[in-house]
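The structure appears below as structure tokens.
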Amino acid sequence: MKPSLPQGTRDFSHEVVRKRQYIFDTIRQIFERYGFQPLETPAMENIDTLMGKYGQEGDKLIFKILNNGLDNPNKEEKTRQALEDVLEGKWNKQLTERALRYDLTIPFARYVAMNHGSLTFPFKRYQIQPVWRADRPQRGRYREFYQCDCDVVGSSSLLNEVELIHIYDQAFQQLQIGVSIKINNRKILAGLAEVCGGLEQLTDITVAIDKLDKIGLEKVKEELTTRGLSATQIQTIEQYLQIEGSNEDKLLQIEKLLSTSTQALKGIAELRYLLDFTKGSVQSLELDFTLARGLNYYTGTIFEIKASTVKMGSIGGGGRYDDLTGLFGVKDIPGVGISFGIDRIYDVMEELNLFEGKLSPGTEVLFFNLGDSEIKGAYPLIQGLRQAGIRTEVYHESVKFDKQFKYAEKKGIPYVAIVGSEEINEKKITIKHLPSGWQERMDSQDTLLIAEALHTQRQGK
RNA sequence: GAGAGCAUAGCUCAGUUGGUUAGAGCGUCGGAUUGUGGUUCCGAAGGUCGUGGGUUCGAGACCCAUUGUUCUCCCCA
1 MKPSLPQGTR DFSHEVVRKR QYIFDTIRQI FERYGFQPLE TPAMENIDTL MGKYGQEGDK
61 LIFKILNNGL DNPNKEEKTR QALEDVLEGK WNKQLTERAL RYDLTIPFAR YVAMNHGSLT
121 FPFKRYQIQP VWRADRPQRG RYREFYQCDC DVVGSSSLLN EVELIHIYDQ AFQQLQIGVS
181 IKINNRKILA GLAEVCGGLE QLTDITVAID KLDKIGLEKV KEELTTRGLS ATQIQTIEQY
241 LQIEGSNEDK LLQIEKLLST STQALKGIAE LRYLLDFTKG SVQSLELDFT LARGLNYYTG
301 TIFEIKASTV KMGSIGGGGR YDDLTGLFGV KDIPGVGISF GIDRIYDVME ELNLFEGKLS
361 PGTEVLFFNL GDSEIKGAYP LIQGLRQAGI RTEVYHESVK FDKQFKYAEK KGIPYVAIVG
421 SEEINEKKIT IKHLPSGWQE RMDSQDTLLI AEALHTQRQG K
């Protein structure tokens, strides 16, 4: 058979893994620095934990796992019946009772609901794991991809938002990606709907204006019309969308426009608090009233990250939700969280050449194989170098130098070590730096000294 | 779920209105070169042309189906 991968999944070669790990490590380190604790949940959940949480479309995109033992003859009748249900579009526990995780938020909510009695609140967790979606793959979109989430639950304090903004800011500064952290508040959007006289149309409004930068003002107005909004309502929304200027200017304008909505004023006050608090300590925090975010469970602050120099969709997002665990019967646990879109962050960094010099190296030294007795003689030295923290490899068989050099060359190994019978007798080691051609026969007694020589030579190249 | 493109060597791709034995570059392997690589030169291996059917004297090319893959819309990270 011809080997292949399931649609929308990828292998990651060693170079790619190192680059991805660099991103993971950077972000993880920052999460830890702010006191977040890691959480891991299973790849699969009970199917009713997931179903109905992501809307009708979402349900279709959940990977469902076929139950085992369906071929048991005793259950044949039940199984046939269950299949009938599935053919009619109903999922049936007889056929499938588990499904692959679709995001990290719902499993987290499930975890909090299950353990709220024993958790210390506010509970701060981060989670970096793959999720699966039965979507049709396309550019920048996969069936298996990683999410990188960080949430605080059990606290309504805006201080959490402040912390999350700083996490975003530091993470992208450390990764050296220029970004704009866009911020808005769902209460302002609710206020807008209220002022338009159509609070029940909040979802229609948010879905439409969320597309502004993608399809433009005219198309948004068209969409609002088809979603049943009147001309005067659309006029108000247009005014809203055209607010421009500095963050302070924008606040003043929005205050005027939505002054009749107490809800909106509350959202404005929250935004003002965040802007004041982070003033001067954050690279680029930008008020953006057109930011809506599709997810309906957001109720307060919402975030989105855009790379400033690369054309790319959002590379992160998040927001505040009042009641996530309510779905699992545990009320009154508000929270706020953010997420990093690491696959896209990878693409941005690749495009900007930001991995240069950041990655941990592969093998540093290759020991040439000059024969069985020579390798045996050199082996204590090899182990000594490894003990000293040098990534060391031995060529697997005694062949002519040409091949061994080419192996080092191809693997990008900077040093080769040659220890033949002569060196062994004299307690020496010959080391050659491939890129520069520098070569020296040195004392082999002190491995730490050799290790040091390797490092100095590397820096001096 | 709807639509479009692509499928030829390990990889990237040529292949003329349908016509002898399907090519190139890169890579791989061997040699020039048994303790000093990268360059160069010489040579070799590698293909049921995605799969199945059809049209034709003749199909890599045309037609139908099928599978895979890429992209767009919907939606999303």
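Just so we're aligned, residue 1 is where the first sequence starts under UniProt numbering, counting upward by one. All C-beta atoms in this analysis are idealised placements derived from N, C-alpha and C, irrespective of residue type, glycine included.
Query raised in the report: Taking the beta strand (DSSP E) that histidine 433 falls in, what are its first and last residues?
Result: That run of the beta strand (DSSP E) goes 428-433.
**Report entry** DSSP-derived helix/strand/coil call for glutamine 174
**Finding:** Here glutamine 174 sits in helix by DSSP.
Query raised in the report: In this structure, does DSSP put lysine 124 in helix, strand or coil?
Result: It is a strand residue.
Query raised in the report: Cβ of glutamine 173 within 8 Å of Cβ of glutamine 29?
Result: Against a cut-off of 8 Å, the Cβ pair of glutamine 29 and glutamine 173 comes out as no contact.
Report task. Could you give the DSSP three-state label for leucine 119: helix, strand or coil? Result -> Coil at leucine 119, not helix or strand.
Query - 8 Å contact criterion, which glutamate 163 and tyrosine 298 should meet: CB distance rounded - result: Contact doesn't hold; Cβ gap of about 18 Å is too wide.
Report task. Give a yes or no on whether the C-beta atoms belonging to serine 308 and serine 180 are separated by under 8 Å. Result -> yes
Requested in this report: Consult DSSP for tyrosine 54 and reduce its assignment to one of helix, strand or coil.
Outcome: coil
Query raised in the report: Buried or exposed: glutamine 233, going by 16 or more other Cβ atoms within 10 Å of its Cβ?
Result: buried
Requested in this report: Could you tell me which uninterrupted alpha helix (DSSP H) segments, each at least 4 residues in length, are contained entirely in the segment 1-83, listed from first to last along the chain?
Outcome: 14-33, 47-50, 55-61
Query - Minimum C-alpha distance to leucine 285 - residue among Lys306, Gly294, Ile342 - result: Lys306
Query raised in the report: So which of Asp11, Gly300, Asp332, Glu452 has the shortest CA-CA distance to glutamate 161?
Result: Of the candidates Asp11, Gly300, Asp332, Glu452, the one whose C-alpha sits nearest the C-alpha of glutamate 161 is Gly300.
Query raised in the report: Per DSSP, threonine 392 forms a beta bridge with which residues?
Result: Val365
Requested in this report: Assess, as a yes-or-no matter, whether the segment 178-192 is touched by the segment 256-272 under the definition of 3 or more beta carbon pairs within less than 8 Å.
Outcome: yes
**Report entry** Pick from Lys256, Gln81, Asp249, Leu274 that is closest to leucine 159, judged by C-alpha positions
**Finding:** Leu274
Requested in this report: With a floor of 4 residues, list each alpha helix (DSSP H) that falls wholly inside the segment 305-368, ordered by position along the chain.
Outcome: 342-351
**Report entry** 8 Å CB neighbourhood of phenylalanine 12 in its chain, flanking five on each side removed
**Finding:** Arg20
Query raised in the report: Does the beta-carbon distance from aspartate 343 to phenylalanine 145 come in below 8 Å?
Result: yes
**Report entry** the segment 363-375 contacting the segment 390-397, beta-carbon criterion three pairs below 8 Å
**Finding:** Touching, per the Cβ criterion.
Query raised in the report: So, is leucine 448 buried or exposed, given that buried needs 16 or more other C-beta atoms within 10 angstroms?
Result: exposed
Query raised in the report: Which residues mark the beginning and the end of the beta strand (DSSP E) in which asparagine 247 is found?
Result: In the DSSP assignment, asparagine 247 falls outside any beta strand (DSSP E) and lies within the alpha helix (DSSP H) extending over 247-257.
**Report entry** Expected contact under 8 Å - CB spacing of isoleucine 418 and isoleucine 450 to nearest Å
**Finding:** Rounded, the Cβ-Cβ distance is 13 Å, inconsistent with contact.
Query raised in the report: Could you give the distance in angstroms between the alpha-carbon of leucine 370 and the alpha-carbon of glutamine 383?
Result: 17 Å
Query raised in the report: Considering valine 220, what are the terminal residues of the alpha helix (DSSP H) in which it resides?
Result: Its alpha helix (DSSP H) spans residues 217-226.
Query raised in the report: So, helix, strand or coil for threonine 447, using DSSP?
Result: Correct three-state label for threonine 447: helix.
Query raised in the report: What is the residue span of the beta strand (DSSP E) that valine 282 lies within?
Result: Looking at the DSSP string, valine 282 is not in any beta strand (DSSP E), and its letter there is neither H nor E.
**Report entry** Extent of the continuous alpha helix (DSSP H) run through glutamine 239
**Finding:** 231-241
Query raised in the report: Between Asn115, Glu77, Asp169, which lies nearest to phenylalanine 123 when the distance is taken from Cα to Cα?
Result: Asn115
Query raised in the report: Which term fits tryptophan 132, buried or exposed, when burial requires 16 or more other beta carbons within 10 angstroms of its beta carbon?
Result: buried
Query raised in the report: Does the segment 40-55 come close enough to the segment 102-120 to have 3 or more Cβ pairs within less than 8 Å?
Result: yes
**Report entry** Presumed contact (8 Å Cβ cut-off) between isoleucine 183 and leucine 354, rounded CB distance
**Finding:** Not a contact, Cβ separation roughly 25 Å.
Query - Burial state of tyrosine 379, where buried means 16 or more other Cβ atoms lie within 10 Å - result: exposed
Query raised in the report: If you follow the beta strand (DSSP E) that phenylalanine 145 is part of, which residue opens it and which one closes it?
Result: 144-153
**Report entry** lysine 376: first and last residue of the uninterrupted alpha helix (DSSP H) it sits in
**Finding:** Segment 372-387, the alpha helix (DSSP H) holding lysine 376.
Requested in this report: Name the one or two DSSP bridge partners that isoleucine 181 has.
Outcome: Leu285, Ile305
Query raised in the report: On the three-pair Cβ rule with 8 Å, is the segment 34-44 touching the segment 74-94?
Result: no
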